[in-house]
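Asks:
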Amino acid sequence: MRRYSSMQRKRKKNRGNQGIELQKKLVRFVLILGAIVLLIIFFFGDHGVYQLYRLNAEKAEIQNAITNLREEKRQLGNEKIRLESDYEYIEELARERYRMAKPGEKVFKVVPKEEGE
């Protein structure tokens, strides 16, 4: 009888070891799966690294646009001041853009020479 009970103990021990091994594998699997899910969330979630990178690039682009618009605003402000007070500048624009002339002046239009002639 002793032998029989000894074999039963070994079987029970093997079953217990198999159960423990199965539990260890299950715990490893759950931990690895959890780590993968956390990495995906960390990199691709709403507040992830990719989103942060994309938002920083968009922020830099917007700041560049703001800088350009401020410069354009400054130039237009200077243009406005010149148009309100600088009569020589107004006369220059009228002559260049609209081919205007003072009474008695003649306006000449220079036609560029074509290459075939």
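Residues in the sequence shown are numbered from 144 upward in steps of one, following this note's numbering.
Glycine is no exception: its CB is placed at the ideal position from the N, C-alpha and C atoms.
Can you give, in chain order, each stretch of the alpha helix (DSSP H) that sits fully within the stretch 185-252 and has at least 4 residues?
Replies: Qualifying alpha helix (DSSP H) stretches, in chain order: 192-228 and 230-241.
Asks: Helix, strand or coil for V254? Go by DSSP, reduced to three states.
Replies: Mapped onto the sequence shown, residue 254 falls at position 111. V254 falls in the coil class under three-state DSSP.
Asks: Output the distance between the C-alpha atoms of E164 and L182, rounded to the nearest integer angstrom.
Replies: Within the sequence shown, the letter at position 21 stands for residue 164. Within the sequence shown, the letter at position 39 stands for residue 182. Cα to Cα, E164 sits roughly 27 Å from L182.
Asks: Given a cut-off of 8 Å on the beta-carbon distance, is the pair F186 and V192 in contact?
Replies: As a working note, residue 186 is residue 43 in the sequence shown. As a working note, residue 192 is residue 49 in the sequence shown. Contact: yes.
Asks: Measuring CB to CB, does R242 end up less than 8 Å from V250?
Replies: On the sequence shown, position 99 is the one that residue 242 refers to. On the sequence shown, position 107 is the one that residue 250 refers to. Going by C-beta atoms, R242 is nearer than 8 Å to V250.
Asks: Grab me the residues of I205's own chain with a C-beta within less than 8 Å of its C-beta, minus the 5 sequence neighbours each way, in chain order.
Replies: For this step, residue 205 is matched to residue 62 along the sequence shown. Counting only Cβ-Cβ distances below 8 Å, and skipping sequence neighbours, we find nothing.
Asks: Alpha carbon to alpha carbon, what distance is there between E215 and N262?
Replies: The structure shown does not extend to residue 262, since the chain is modelled only from 144 to 260, so the question has no answer here.
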